[in-house]
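Anchor point for the first sequence: position 110 equals 162 in this note's numbering, and the numbering is continuous, going up by one each time. C-beta atoms are modelled at their ideal positions from N, C-alpha and C, and glycine is treated no differently. In this text the structure is predicted, and so the values were computed from the model without any measurement. Worksheet: the structure to be examined is printed underneath.
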Amino acid sequence: MELNLEITMESGQPPHFLWNCENGRFWRIVGGERRELWQEDGKLKWSEGFGEEAKHLLRSGDNLERICKAIGTDAVMRRAISRHRGLRITKNAPWETIVCFICSINNNIPRIRKMVQSLMVDGEVMPPEVMFAADLGGKKLGYRDKFLKATAEAAMSYDLSRVGRMEYENAKEALIEFEGVGPKVADCVLLFGYGFLEAFPVDVWIAREMKRGYGIEGERAIREFAKKRWGKFAGYAQQYLYCSARSR
DNA sequence: CTCCAGGTACCTT
DNA sequence: AAGGTACATGGA
53 MELNLEITME SGQPPHFLWN CENGRFWRIV GGERRELWQE DGKLKWSEGF GEEAKHLLRS
113 GDNLERICKA IGTDAVMRRA ISRHRGLRIT KNAPWETIVC FICSINNNIP RIRKMVQSLM
173 VDGEVMPPEV MFAADLGGKK LGYRDKFLKA TAEAAMSYDL SRVGRMEYEN AKEALIEFEG
233 VGPKVADCVL LFGYGFLEAF PVDVWIAREM KRGYGIEGER AIREFAKKRW GKFAGYAQQY
293 LYCSARSR
């Protein structure tokens with residue numbers, strides 16, 4: 053599996069907010085167990101018993117070479133890919149992904165991470181029932197606390213796995229019903245939480261990069277262009293562009 | 001002081 | 001569909 057673990061885990065995807073990094077190893081606690089991930093000579097290593105989950109997290113089934121070949125149809129994208137070799141889309145739990153990206157609203161990565169960490173108990177994001185009942189005051193969430201409360205309450209009586217069985221457009225509409233989930237957050241959740249690789253989240257970095265690289269402006273036009281050019285792998289294209297924009 | 005950050009909700013054209 | 005504005009917070 054082609055992989056650059058460091059770039060992947062620290063590219064603004066959910067693991068960036070949920071996992072920790074210490075001397076080259078990534079770790080988090082799940083169910084009281086410490087899971088670790090690292091690379092040796094490019095080869096992925098994991099702590100005992102964590103192999104299947106690790107492969108799932110890193111979408112080992114994605115043929116990165118084939119995907120990059122499919123989306124690398126112009127100089128801008130090829131350059132983005134070459135500068136971030138081994139960057140993969142990750143697959144995370146839907147609820148954790150929703151929380152991460154509600155926290156991301158009009159926010160920066162270091163602070164998103166702080167907020168998400170403050171919403172974790174025993175290494176995991178508080179489940180909806182707990183979050184709804186929790187006192188979020190003092191966590192410095194800004195106006196996002198009311199979005200989290202409302203969405204947590206709604207999620208208590210909603211089977212989030214349903215979304216994963218819908219078509220992309222319907223799934224997006226369903227997610228936007230939650231307070232604090234708009235088009236951009238929904239696309240992030242669909243991409244990183246449900247594995248819809250056609251999702252193309254448009255944030256300020258992407259908007260900037262699309263104008264710079266392709267001369268395209270406006271959310272509507274950007275999404276149309278992305279769908280036409282990158283189709284079912286638009287999510288990967290987006291992540292390469294995002295990292296390019298941020299490393300500029 | 002202003003500007004910005006993986007935007008959304010709500011309003012008016 | 002497109003364009004405005006308020007909204008919390010902290011760092012540059």
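Residues of its chain near residue i, where Cβ-Cβ distance is below 8 Å and the 5 sequence neighbours each way are ignored
i	result
I81	R87, D174, G175, E176
N72	F78, W79, R80
S125	Before going further, note that residue 125 is Thr rather than Ser in the sequence given. The answer, listed in chain order, is R281.
E74	none
Anticipated Cβ contact below 8 Å, residue i with residue j, distance rounded
i	j	result
W90	G101	Not confirmed; about 16 Å, so no contact.
W147	L212	6 Å
K191	S209	Not really, about 24 Å apart at Cβ, beyond 8 Å.
I157	R196	6 Å
I274	A259	7 Å
Whether residue i touches residue j by CB criterion (9 Å)
i	j	result
G138	E221	no
C131	L116	According to the sequence shown, residue 131 is Arg rather than Cys. No, these two residues do not count as a Cβ contact at 9 Å.
V241	F184	no
Y288	C120	yes
A286	M262	no
K143	G283	no
Y294	W257	yes
L70	M218	no
I59	H108	no
V254	E269	no
Same chain, Cβ closer than 7 Å to residue i, five either side skipped, listed in chain order
i	result
I161	G64, H68
E276	none
A66	It should be pointed out that residue 66 corresponds to Pro in this sequence rather than to Ala. Counting only Cβ-Cβ distances below 7 Å, and skipping sequence neighbours, we find T142, N144, E148, T149, C152, F244.
Same chain only: Cβ atoms within 6 Å of residue i, ignoring 5 sequence neighbours per side
i	result
P180	A204, A207, M208
E250	Y220, K284, A286
V237	F153
S99	R87, E88
Y266	none
V128	G265
Do the stretch 164-172 and the stretch 231-248 touch if we need at least three Cβ pairs shorter than 8 Å? no
task: Spell out a yes or no on whether the stretch 182-198 and the stretch 90-99 are touching, meaning 3 or more CB-CB pairs, one atom from each, closer than 8 Å.
output: no
Query raised in the report: Quick one: complete beta strand (DSSP E) runs, 3+ long, within the stretch 86-166?
Result: 95-98
| request: Could I get the ranges of all uninterrupted alpha helix (DSSP H) runs contained in the stretch 203-258, with 4 residues as the minimum, in chain order? | output: 220-228, 235-240
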